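Numbered per mature numbering (1 follows the signal peptide of the UniProt record, and there is no 0), the sequence shown spans residues -20 to -1, 1 to 212.
Quick reminder that beta carbons are idealized off the backbone N, C-alpha and C, glycines included.
Note that the coordinates shown come from a computational prediction; the quantities given were computed from them, not determined experimentally.
First comes the structure, then the notes that go with it.
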Amino acid sequence: MGHLKTQVLIICLLFTCYEAEKIKARGIRQKDVDYMEKYSSCLQGPAGTQGRDGNPGVNGIPGTPGIPGRDGAKGDKGECVTERFEEPWKPNYKQCAWNSLNYGIDLGKITECTFTKQHAYSALRVLFSGSLRLKCKTACCQRWYFTFNGAECAAPLPIESIVYLDQGSPEFNSTINIHRTTSVEGLCDGVRKGLVDVAIWVGTCGDYPHGDASTGWNSVSRVIIEELPPSS
């Protein structure tokens, strides 16, 4: 019995010594590790240069088509607009001139100038410029006016100019004879398209007696005709 106790005691002593050595060895190894970390660590060097960008990557796989959109709501009905396309307006005019017309009639057509009108809706601008004279012993009046194909302008009104003379009393010289360059000018609408006979006439002024008229004495007389687009 005493021998068994002795063996047990020896075994306990051996186990205790073994554990102590194991703990001691582990403590030595931990110190070595701490020493290596403390005295054997490397110092950090300066940063290197920045690297270059890499090559672009290849395109990815195409995505799948999206869902088709739905039709929108129906809009309101639009208005119908009619446009009028016309060619640019081209000038159309004419001048007739006479040197020393010197026409002495008191009533009737003095001269004429033919003109080709290009459009039915256009207007005609006419001008007569020349010397006019009226002479009489008592009060008298003469009227110079335009006609278009034999008729005076009706739209809007006739184109005319008058000369009235009243000597007033017998003391005045009844042979007064003054020639003055005068104009007869205006616009006429409603003249038909095509060839137009534009004429200048001399006539009376209503109920007034006419005198001794003279047109275009010793000077140039002219008729100018111009076709104009409508104003609106």
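What separation, rounded to the nearest whole angstrom, lies between the Cα atoms of residue i and residue j?
i           : j           : result
residue 167 : residue 106 : 7 Å
residue 135 : residue 162 : 23 Å
residue 77  : residue 208 : 21 Å
residue 67  : residue 201 : 35 Å
residue 183 : residue 189 : 10 Å
residue 111 : residue 171 : 28 Å
residue 26  : residue 40  : 39 Å
residue 158 : residue 120 : 14 Å
residue 217 : residue 122 : The requested residue 217 does not occur in the structure, where the chain is confined to residues -20 to 212.
residue 75  : residue 81  : 15 Å
residue 137 : residue 59  : 41 Å
residue 54  : residue 129 : 60 Å
residue 38  : residue 52  : 39 Å
residue 57  : residue 46  : 32 Å
residue 49  : residue 43  : 17 Å
residue 169 : residue 79  : 30 Å
residue 87  : residue 156 : 21 Å
residue 35  : residue 28  : 21 Å
Taking C-beta to C-beta, are residue i and residue j nearer than 8 Å?
i           : j           : result
residue 145 : residue 191 : yes
residue 84  : residue 194 : yes
residue 93  : residue 203 : yes
residue 115 : residue 104 : no
residue 133 : residue 142 : no
residue 181 : residue 90  : yes
residue 118 : residue 179 : no
residue 73  : residue 206 : yes
residue 95  : residue 176 : yes
Can you name the residues that DSSP bridges to residue i?
i           : result
residue 121 : 144
residue 79  : 200
residue 113 : 159, 194
residue 92  : 179
residue 135 : Partner(s): none; residue 135 has no beta bridge.
For residue i, does the three-state DSSP call read helix, strand or coil?
i           : result
residue 98  : coil
residue 104 : strand
residue 211 : coil
residue 168 : strand
residue 205 : strand
residue 130 : coil
residue 174 : strand
Taking 8 Å as the CB-CB cut-off, is residue i touching chain D?
i           : result
residue 105 : The question asks about chain D, but that chain is absent: this structure has only one protein chain.
What are the complete alpha helix (DSSP H) segments, minimum 4 residues, inside the segment 24 to 73?
none
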